[in-house]
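Working notes, structure below.
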Amino acid sequence: MLKNFKNINSWRKLKGLILVGLGFLLSPLSWWNDLFFNLPLAYLFGYLCSYFSANLFLPGTIAGYWLSNILGILLMQFGVIDVLQEKPQEHNLKKELLIGFISSTVYTLIILLLLQLNIFKTPDLFTQQPSLSIKSFLPL
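Sequential numbering of the sequence shown, starting at 10, is according to this note's numbering.
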């Protein structure tokens, strides 16, 4: 099996496939990954941010969620480029970060919209506290 991977191009393609797999696990493209990957990573990021200030836990968690999605999209982009291109080329990190940030933000806004329109229902985990709405975050 390893003799098929003697040239560098084959190793690069294998590395690309691994990056695509890891990126898919972190990306917003799979519906189940949030529970197992993104939310625990986001919670950890929020927890680390709360060391600086207790008020940073929720914003840190949201930022961690976005960062994990952006990282997933970037890993998939790098992996696909490694798999599909015959000759290795330089990555335009600025452009790929911008694409990842925009796509993750659009995805998050779509989910928020679906929640606000009651198309998606969330369980009421805190029955004694009033539920949050997007209006409480807007400066109106």
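Even for Gly, the Cβ is constructed at its ideal location relative to N, Cα and C.
None of the values given here were measured: they were computed from a predicted structure.
Query raised in the report: In angstroms, rounded to a whole number, what distance separates the CA positions of I71 and A51?
Result: 7 Å
Query - Secondary structure of F135, DSSP reduced to three states - result: Legend: pLDDT at F135 = 49, less than 50; position of this residue unreliable, value from coordinates given subsequently. In the structure shown, F135 sits in coil (DSSP, three-state: anything other than H, G, I, E or B).
Requested in this report: Let me know the secondary structure DSSP gives Y56 once reduced to three states.
Outcome: helix
Query raised in the report: How is the alpha helix (DSSP H) around Q94 delimited, first residue to last?
Result: Per DSSP, Q94 belongs to no alpha helix (DSSP H) and is neither H nor E.
Query raised in the report: Nearest-angstrom Cα distance between P68 and N18?
Result: 42 Å
Query raised in the report: Run through DSSP, which three-state label would P37 get?
Result: coil
Report task. Could you say which of L83, L124, V115 lies nearest to G32 if we only look at CA atoms? Result -> L83
Query raised in the report: Where does K104 fall in DSSP's three states?
Result: helix
**Report entry** Cβ-based neighbour list, L134, same chain, cut-off 7 Å, excluding 5 preceding and 5 following
**Finding:** The pLDDT assigned to L134 is 49, lower than 50, so where the model puts this residue is not dependable, and the model offers no usable value.
Query raised in the report: Grouping DSSP H, G and I as helix and E and B as strand, with all else coil, what is I27?
Result: helix
**Report entry** Beta carbon of G55 nearer than 9 Å to that of L65
**Finding:** yes
Query raised in the report: Alpha carbon to alpha carbon, how far is G88 from L118?
Result: 26 Å
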